[in-house]
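Sequential numbering of the sequence shown, starting at 1, is according to UniProt numbering.
The beta carbon of each residue, even a glycine, is placed where N, CA and C say it ideally should be.
It should be emphasised that the depicted structure is a prediction, and the values quoted were computed from it without experimental measurement.
Input: a single structure, listed below in C-alpha cells.
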Amino acid sequence: MKAATIGFPEESRRRLEFPFFFLKGRLPALSTCQVSWRMLPGVTLTTVDRECFEAALAEARKGLEAGGVPVGAALQRDGGLVAVGHNERVQRNDPIAHGEMACLRNAGRLTSYEGTTLYTTLSPCEMCTGAVLLFGIKRLVVGEATTFAGNLNAFKERGVEVILLDDARCKDLMAEFQKRCPDVWAEDIGEAPSAEAERVI
C-alpha cells in the first residue's frame with residue numbers, strides 16, 4: 001500500500017516537533033513500519049488517517065514519558081498534518097492543557113476548520129468536546145472510549161462524523177498512567193482526588 005503524502009505548512013514546521021515517521025529520508029515511512037491495527041467492525045481508515053492517528057499516538061507516548069497524562073491529538077486538513085499536541089496539565093501546571101486543546105493551540109489561528117479531521121487517543125472531555133463543536137470540526141477519530149467514555153453522541157447529534165477505533169495501544173497507555181498516577185487522572189477528568197492527594201495539593 002502506497003503511503004499518502006502528508007504536507008506540513010512552513011509555519012508549523014518551525015513551531016512543532018513532528019513524530020519521527022514524517023521526517024523524510026531519516027527513518028522508514030510509516031507504511032513500512034510494523035503497526036498492528038485492530039479496529040471495531042465496519043471501521044475503515046485511509047492511509048492519511050492511519051498516519052495522522054499514529055502522530056497523535058506518538059504525542060500520547062511523549063506525554064507519558066514526561067510524567068503527564070498520555071493523551072495525544074493531531075489535526076489534519078485536506079491530507080496535510082496541521083498540528084499535533086499532547087496533554088500538558090502536569091508539565092505546564094495548566095488545567096485546560098488537554099491533548100486536543102494543546103493541538104488546537106499549536107495549530108494557531110485558522111480562518112476556517114472546513115475539511116479538518118481531529119484525531120485523539122481518548123474520547124474527549126466536555127471541554128474539548130465544546131472546542132470541537134465551537135470550531136466546526138466535522139470529523140473526529142477517537143482511539144478509545146473505554147477508559148473515559150466522554151459523550152460521543154453529542155458529536156453525532158451536531159453532525160460530526162465519529163470514528164471509534166478501540167485501539168489497544170491507547171488503552172494500555174492509559175492503564176499504565178492510571179497505575180502510576182491515579183490521583184492525577186482523577187484531577188484531569190474532574191473527579192475528587194483522594195484524601196492523600198488533597199494533602200499534597
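| Asked | Found |
| --- | --- |
| Going by DSSP, what residue range makes up the beta strand (DSSP E) through R89? | Premise fails: R89 lies in the alpha helix (DSSP H), 89 to 92, not in any beta strand (DSSP E). |
| Residues in its own chain within less than 8 Å of A154 by CB, not counting five upstream and five downstream? | T129, L133 |
| Determine which residues share a DSSP beta bridge with L164 and list them. | V142 |
| Below 8 Å, how does it come out for the stretch 80 to 90 and the stretch 98 to 113: are there three or more Cβ pairs, yes or no? | yes |
| Where DSSP assigns a beta bridge to G190, which residues make up the other side? | None, per the DSSP bridge assignment. |
| Reducing DSSP to helix, strand and coil, say where V82 ends up. | strand |
| Should E100 be listed as close to the ligand ZN, given that the test is whether its C-beta is under 7 Å from any heavy atom? | As far as ligands go, the structure on display features none, and thus does not contain the ligand ZN. |
| When burial is assigned at 16 or more other CB atoms within 10 Å of the CB, is A175 buried or exposed? | exposed |
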